[in-house]
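Report on one structure; see the data block that follows.
2 protein chains.
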Amino acid sequence: MKKITIKSVAKKVGVSTAAVSYALSGKRKISPRMSEKIMKAVDELGYKPNIIARNLASRKTWTVGLYTSPTKNINSDVFFNSLLAGILDNLHEQRYQLHLYADYLNGNTEIHPDLSMTQPIDGALIMNPRINDVYLDYLIKQVIPFVVIGTPPNPEKMFYVDVDLTAASYKATNYLISKGHGKILFINGPPDYIQSIQHLRGSEMALRENGLKLESGDMIHIPMTEELAYNALKSIGAGLKNYSAILACHDVFSFGIMSYLKENNIHVPNDIAYISLGNSRFCRLYSPAITSIDMAPYKMGYQSAEMLIDVIEKRRIQPSHTIIPVEFVERESV
Amino acid sequence: MKKITIKSVAKKVGVSTAAVSYALSGKRKISPRMSEKIMKAVDELGYKPNIIARNLASRKTWTVGLYTSPTKNINSDVFFNSLLAGILDNLHEQRYQLHLYADYLNGNTEIHPDLSMTQPIDGALIMNPRINDVYLDYLIKQVIPFVVIGTPPNPEKMFYVDVDLTAASYKATNYLISKGHGKILFINGPPDYIQSIQHLRGSEMALRENGLKLESGDMIHIPMTEELAYNALKSIGAGLKNYSAILACHDVFSFGIMSYLKENNIHVPNDIAYISLGNSRFCRLYSPAITSIDMAPYKMGYQSAEMLIDVIEKRRIQPSHTIIPVEFVERESV
DNA sequence: GTGAAAGCGCTAACAA
DNA sequence: TTGTTAGCGCTTTCAC
Numbered sequence: 001m002k003k004i005t006i007k008s009v010a011k012k013v014g015v016s017t018a019a020v021s022y023a024l025s026g027k028r029k030i031s032p033r034m035s036e037k038i039m040k041a042v043d044e045l046g047y048k049p050n051i052i053a054r055n056l057a058s059r060k061t062w063t064v065g066l067y068t069s070p071t072k073n074i075n076s077d078v079f080f081n082s083l084l085a086g087i088l089d090n091l092h093e094q095r096y097q098l099h100l101y102a103d104y105l106n107g108n109t110e111i112h113p114d115l116s117m118t119q120p121i122d123g124a125l126i127m128n129p130r131i132n133d134v135y136l137d138y139l140i141k142q143v144i145p146f147v148v149i150g151t152p153p154n155p156e157k158m159f160y161v162d163v164d165l166t167a168a169s170y171k172a173t174n175y176l177i178s179k180g181h182g183k184i185l186f187i188n189g190p191p192d193y194i195q196s197i198q199h200l201r202g203s204e205m206a207l208r209e210n211g212l213k214l215e216s217g218d219m220i221h222i223p224m225t226e227e228l229a230y231n232a233l234k235s236i237g238a239g240l241k242n243y244s245a246i247l248a249c250h251d252v253f254s255f256g257i258m259s260y261l262k263e264n265n266i267h268v269p270n271d272i273a274y275i276s277l278g279n280s281r282f283c284r285l286y287s288p289a290i291t292s293i294d295m296a297p298y299k300m301g302y303q304s305a306e307m308l309i310d311v312i313e314k315r316r317i318q319p320s321h322t323i324i325p326v327e328f329v330e331r332e333s334v
Numbered sequence: 335m336k337k338i339t340i341k342s343v344a345k346k347v348g349v350s351t352a353a354v355s356y357a358l359s360g361k362r363k364i365s366p367r368m369s370e371k372i373m374k375a376v377d378e379l380g381y382k383p384n385i386i387a388r389n390l391a392s393r394k395t396w397t398v399g400l401y402t403s404p405t406k407n408i409n410s411d412v413f414f415n416s417l418l419a420g421i422l423d424n425l426h427e428q429r430y431q432l433h434l435y436a437d438y439l440n441g442n443t444e445i446h447p448d449l450s451m452t453q454p455i456d457g458a459l460i461m462n463p464r465i466n467d468v469y470l471d472y473l474i475k476q477v478i479p480f481v482v483i484g485t486p487p488n489p490e491k492m493f494y495v496d497v498d499l500t501a502a503s504y505k506a507t508n509y510l511i512s513k514g515h516g517k518i519l520f521i522n523g524p525p526d527y528i529q530s531i532q533h534l535r536g537s538e539m540a541l542r543e544n545g546l547k548l549e550s551g552d553m554i555h556i557p558m559t560e561e562l563a564y565n566a567l568k569s570i571g572a573g574l575k576n577y578s579a580i581l582a583c584h585d586v587f588s589f590g591i592m593s594y595l596k597e598n599n600i601h602v603p604n605d606i607a608y609i610s611l612g613n614s615r616f617c618r619l620y621s622p623a624i625t626s627i628d629m630a631p632y633k634m635g636y637q638s639a640e641m642l643i644d645v646i647e648k649r650r651i652q653p654s655h656t657i658i659p660v661e662f663v664e665r666e667s668v
C-alpha cells in the first residue's frame with residue numbers, strides 16, 4: 001500500500017501538485033470545476049497532508065511552546081490548570097497548537113530541556129520569571145518571539161503579561177487595616193523572586209499610608225511550598241498571638257497555613273483574620289469568612305497567548321506588556 | 335546573515351553533509367580527527383539542526399500527543415495535574431516531548447481538533463474514555479500507536495492503563511461497612527461512563543458480600559462537577575438522614591459535598607461518614623477524620639507514557655493493559 | 001571511513 | 001488561471 005501524498009492526488013486528477021496545494025490552502029484562485037475535482041479526489045483517496053513537510057516548506061508550525069516549571073511544582077498547583085486552560089482556549093481560537101516543555105528536577109538542580117533539540121515552534125510562552133534566564137538567552141538569540149507570563153527580570157525589554165501583584169498586596173493589606181488589623185503577618189515568597197518584591201512594595205505602601213510600618217519579623221520569606229508555610233507558623237508558635245491577621249502572598253501557602261490553624265484550633269476570623277492572594281476556595285471549608293483576591297490565572301493564560309500570537313503575526317519588536325487588575329473574592333458559592 | 339545549516343558546517347570543514355550528520359547522530363563510525371573538526375565548526379558557527387527537516391527525513395518526531403478533555407474540565411481538576419506530571423516525567427526520561435490537544439466547548443457541544451491537521455506525532459495518549467471514539471477511529475486508521483488512559487470501550491482491542499476502579503469502590507464500600515455503616519449514599523458519575531459502571535460493580539459486590547443491597551436512590555448518577563454534587567445533596571435534603579455514610583466516586587464531587595455538609599452543619603464523622611475515591615486532601619480542612627483512596631494519577635500518567643513509548647519503539651501490536659492497584663489514605667499530614 | 005545524491009512531501013516563486 | 005520546479009534542511013542508501 002503506497003503512501004498517499006499530494007502527488008497521488010495530483011496524478012489522479014491530472015493536475016499539478018501546485019493546483020492541489022492551492023486548492024487546499026485557498027492561497028490562490030482555482031477554478032471551481034477543478035477545485036471540485038481535486039476535493040473529490042482528496043476525499044476518495046483519503047489524502048491527509050503531511051504536516052511536517054508543510055512546516056518545512058512554509059517555515060511555519062502553527063505551534064506555540066509553553067515553558068513551565070518543574071513537574072513537581074505543577075503537580076499540586078491549581079493555578080497552573082487555569083493558566084493552561086486560558087492558554088489553550090486562546091490558542092484554539094487562533095488556530096494554534098501547544099507544545100509543552102517542563103523543567104525537571106535532578107536531585108535539587110533543575111534541568112532545562114535543550115531547546116535547540118525540541119520541536120520547532122513559532123513562538124514561546126515562558127512561565128516562571130526566575131528561571132527565565134535560561135530560556136530567554138536562547139529565544140533571543142534564535143529570534144523566536146516570546147511572551148513572559150509574570151514580570152521578567154528586565155521588563156522594559158520584553159513582552160509580558162502579569163497580574164497587578166503590587167495592587168493585590170496593597171488592596172489586601174488595606175482591607176485588613178480597614179477591618180482594624182494593625183499587626184499583620186505576611187507570608188511571602190523568596191526574596192529573590194520579583195513577585196515577592198512586588199508584594200513587599202504593595203504591603204509597605206498600604207501600611208505607610210496608614211501610619212503603620214513593617215517591623216522585622218512581620219514578613220516571612222519562604223520557598224513556595226505548603227510544608228514551609230506550615231513550618232513557618234509552627235516556628236513562630238506562640239508568637240502568632242502578636243498578630244491579628246495573616247496575609248498569604250501566594251495561594252500555595254494556604255493549605256499549609258490552614259492546616260496549622262486547624263490543628264492548633266485557631267479560628268478564622270475570631271482568633272485571627274486571613275486573606276490570601278489567589279483564590280484558595282478550599283480554605284472556606286475551614287472558615288466561610290475567608291477572603292481572597294482572585295489572581296486571574298485564566299485571564300493571564302488567555303491574554304499571554306493572545307499577545308504572543310499578535311507578536312508572531314504582526315512581527316512586533318517594540319516590547320509591551322499587559323497588567324491585569326485583580327479583584328476581591330469575598331465569598332464564593334459552590 | 336545567512337542561515338546556518340548542515341551545509342555551512344560541511345563547507346567550513348570541507349566534508350560532506352553526510353559526515354556532519356553522522357558525526358552528530360553517531361549512527362556511523364567517524365574518524366576521531368574529523369569528528370573533532372566537525373564538532374568545532376558546529377560550535378563556532380553555532381549550528382543548530384533544523385528539527386522539522388530532521389523529522390521529515392527520518393519520519394520520526396520524538397513527540398507524543400496528549401488528548402485531553404475540554405479546557406473547562408481541566409480548569410478545576412487536580413487529578414489532571416498529577417497525571418500530566420507523571421506523563422512529562424516519563425517522557426523526559428525517554429527523551430520524548432509532549433504535544434497537548436484539548437477539546438473545546440462550543441455551547442454544549444464538544445469540538446475535537448482535526449487530528450489530521452495537528453502536529454505529527456509518534457504516538458498518542460488519550461485521556462477521556464468516553465470521547466475516545468472520535469480519536470480512536472482516526473488513530474487506528476492512520477496507524478498511529480496509542481494508549482488509552484482509563485478503560486476504553488473495547489478493552490480487549492486496545493492498549494490502556496487504568497487504576498483498579500472496581501477495587502477502589504469495593505474497598506471503600508467495605509471500609510464503610512466494616513465501620514458499621516449499612517446505609518450508604520453513593521455519588522457516582524454518569525451511567526454511560528465506563529468508570530461509573532466499574533464503581534457500581536465494586537460497590538455492589540461489597541454490599542452483596544455483606545448481605546446488603548443497593549436500593550433505588552442509594553446511588554446517584556450525575557455529571558462530574560462540584561455544583562451538581564452540591565445540588566444532588568440539596569435535593570435529597572432531609573432524606574440524607576437515612577444515610578450514615580457518603581461515598582464519592584470521584585474527587586471532583588468532594589468540594590460540592592463538603593460545602594453542602596458545612597453549610598448545613600452536618601459533621602464528619604459524627605453525623606455522617608465520608609470517603610472519597612481520589613485524594614481530596616482539602617476536605618480534611620473540614621474534618622481531619624476524612625478517609626480517601628489514592629487513585630494514583632501520577633502513576634497512571636507515568637505508566638501510560640511508559641507503555642506508549644514501548645509500543646512505539648517495539649512496534650507492538652498485541653494489545654495489553656496495566657491495572658494500577660489503589661491504596662487507602664487514612665490521613666495525610668501537610 | 002567517506003562522499004554523492006536521492007529522497008522526505010509540501011510550498012511558493014516563476015513562467016506560461 | 002494553471003503548471004513547472006526549485007527549494008525547505010536533513011537523513012540515509014549506495015557507491016567508492
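Sequence order for the protein chains is A and B.
Numbered according to our numbering, the first sequence spans residues 1 to 334.
Numbered according to our numbering, the second sequence spans residues 335 to 668.
Cβ coordinates follow ideal geometry from the N, Cα and C atoms, glycine included.
>> On the CB-based measure, 16 or more other CB atoms within 10 Å of its CB, does I483/B come out buried or exposed?
In response: I483/B comes out buried.
> Would the beta-carbon of S593/B fall within 8 Å of that of S614/B?
Replying inline: Not closer than 8 Å, so no.
> Got a sec: is the Cβ-Cβ distance from S76/A to anything in chain B below 8 Å?
Replying inline: True, the Cβ-Cβ gap to chain B drops below 8 Å.
> Under the three-state reduction of DSSP, which class applies to Y430/B: helix, strand or coil?
Replying inline: Secondary structure at Y430/B: coil, using DSSP grouped into helix, strand and coil.
> When you check each C-beta in the region 117-128 of chain A against every C-beta of chain B, which residues fall closer than 8 Å?
Replying inline: Result list: M117, T118, Q119, P120.
> Expressed to the nearest angstrom, what Euclidean distance is found between the alpha-carbon atoms of N384/B and Y356/B?
Replying inline: Rounded to the nearest angstrom, the two C-alpha atoms are 15 Å apart.
>> Could you compute how far the alpha carbon of I131/A sits from the alpha carbon of K7/A?
In response: For I131/A, the pLDDT reaches just 49, beneath the cut-off of 50, and the residue's location in the model is therefore unreliable, leaving the point undetermined.
> Is A85/A closer than 8 Å to N415/B when the C-beta atoms are compared?
Replying inline: A85/A sits away from N415/B, with the two beta carbons spaced by 8 Å or more.
> If T291/A sits next to I275/A, beta carbons under 8 Å apart, how far is it from one beta carbon to the other, in whole angstroms?
Replying inline: Taking 8 Å as the upper bound for CB-CB distance, T291/A and I275/A are in contact here, some 5 Å apart.
>> Considering only their Cβ atoms, is the gap separating L459/B from L642/B smaller than 8 Å?
In response: Note that the C-beta distance between L642/B and L459/B is below 8 Å.
> At what residues does the alpha helix (DSSP H) containing F673/B begin and finish?
Replying inline: Coverage of chain B is limited to positions 335 through 668, which leaves residue 673/B absent and any answer about it impossible.
> What residue from N424/B, A563/B, I521/B, I531/B has the CA that sits closest to S551/B's CA?
Replying inline: Checking the sequence shown, residue 551/B turns out to be Gly, not Ser. The alpha carbon of G551/B has as its nearest neighbour, out of N424/B, A563/B, I521/B, I531/B, the alpha carbon of I521/B.
> Which whole-angstrom value describes the C-beta separation of M205/A and Y230/A, a residue pair presumed to lie in contact below a C-beta threshold of 8 Å?
Replying inline: Here M205/A is actually not in contact with Y230/A; their C-beta atoms are around 29 Å apart, not less than 8 Å.
> For a contact meaning CB atoms closer than 8 Å, what does D89/A contact in chain B?
Replying inline: Ordered by position in chain B, the residues that pass the 8 Å Cβ test against D89/A are T405, Y438.
>> Taking the straight line between their C-alpha atoms, what separation do you get for A10/A and A18/A?
In response: Each residue's Cα considered, the two are about 8 Å apart.
> In chain order, which continuous runs of the beta strand (DSSP E) of length 3 or greater are located wholly inside the region 202-250 of chain A?
Replying inline: Taking 3 residues as the shortest admissible run, the region 202-250 of chain A contains the following complete beta strand (DSSP E) segments, listed from N- to C-terminal end: 219-221, 245-248.
> Given I177/A, which residues of its chain have a CB within under 6 Å of its CB, disregarding the five upstream and five downstream residues?
Replying inline: Same-chain partners within the cutoff: N210.
>> Strictly by DSSP, which residues pair up with L277/A?
In response: L277/A is bridged to I293/A.
>> Less than 8 Å between CB atoms is the rule here; does A85/A satisfy it with respect to chain B?
In response: Answer yes: the Cβ-Cβ gap between A85/A and chain B drops below 8 Å somewhere.
>> Could you check whether the Cβ of H321/A sits closer than 8 Å to any Cβ belonging to chain B?
In response: No, its Cβ sits nowhere closer than 8 Å to a Cβ of chain B.
> Any Cβ of chain B within less than 8 Å of the Cβ of S21/A?
Replying inline: S21/A does not count as touching chain B.
> Is the beta carbon of I324/A less than 8 Å from the beta carbon of D164/A?
Replying inline: In contact: I324/A and D164/A (Cβ atoms closer than 8 Å).
>> Helix, strand or coil for G123/A? Go by DSSP, reduced to three states.
In response: Here G123/A sits in strand by DSSP.
> In the structure shown, what three-state DSSP assignment does N508/B receive?
Replying inline: The answer is helix: DSSP assigns N508/B an H, G or I state.
>> Which residue marks the beginning of the alpha helix (DSSP H) containing T363/A, and which one marks its end?
In response: What is shown of chain A runs 1 to 334, which leaves residue 363/A out entirely.
>> I believe D423/B touches Y636/B by the beta-carbon criterion, under 8 Å. Please report the beta-carbon distance rounded to the nearest angstrom.
In response: With a contact defined as Cβ atoms closer than 8 Å, D423/B and Y636/B qualify at about 6 Å.
> Do the CB positions of D437/B and P404/B come within less than 8 Å of each other?
Replying inline: Result yes, Cβ atoms of D437/B and P404/B sit closer than 8 Å.
>> Using only the alpha-carbon positions, how far apart do Y381/B and V143/A sit?
In response: As the crow flies, the alpha-carbon of Y381/B is around 14 Å from that of V143/A.
> Considering only C-alpha positions, which residue in the set C249/A, E227/A, V161/A is nearest to A172/A?
Replying inline: Of the candidates C249/A, E227/A, V161/A, the one whose C-alpha sits nearest the C-alpha of A172/A is C249/A.
> Apart from the five residues just before and just after K394/B, which ones in its own chain have a Cβ nearer than 7 Å to its Cβ?
Replying inline: Cβ within range, chain order: D456.
> Can P631/B and L400/B be called in contact, C-beta distance under 8 Å?
Replying inline: Taking a C-beta distance under 8 Å as the contact criterion, P631/B and L400/B do not qualify as a contact pair.
> When you compare only the Cα positions, how much space is there between T339/B and I528/B?
Replying inline: Straight-line measurement puts the Cα of I528/B at about 51 Å from the Cα of T339/B.
> Quick one: Cα of P489/B to Cα of L473/B, how far?
Replying inline: For P489/B and L473/B, the distance between alpha carbons rounds to 16 Å.
> Between which two residues does the alpha helix (DSSP H) harbouring L390/B extend?
Replying inline: For L390/B, the enclosing alpha helix (DSSP H) starts and ends at 385-392.
> Smallest Cα separation from N599/B: which of G612/B, D585/B, V586/B, Y620/B?
Replying inline: Closest option to N599/B, judged by alpha-carbon separation, among G612/B, D585/B, V586/B, Y620/B: Y620/B.
> Counting contacts by CB-CB distance shorter than 8 Å, is I465/B in contact with chain A?
Replying inline: Because the pLDDT at I465/B is just 49, under 50, the model does not fix this residue reliably, and the point stays unresolved.
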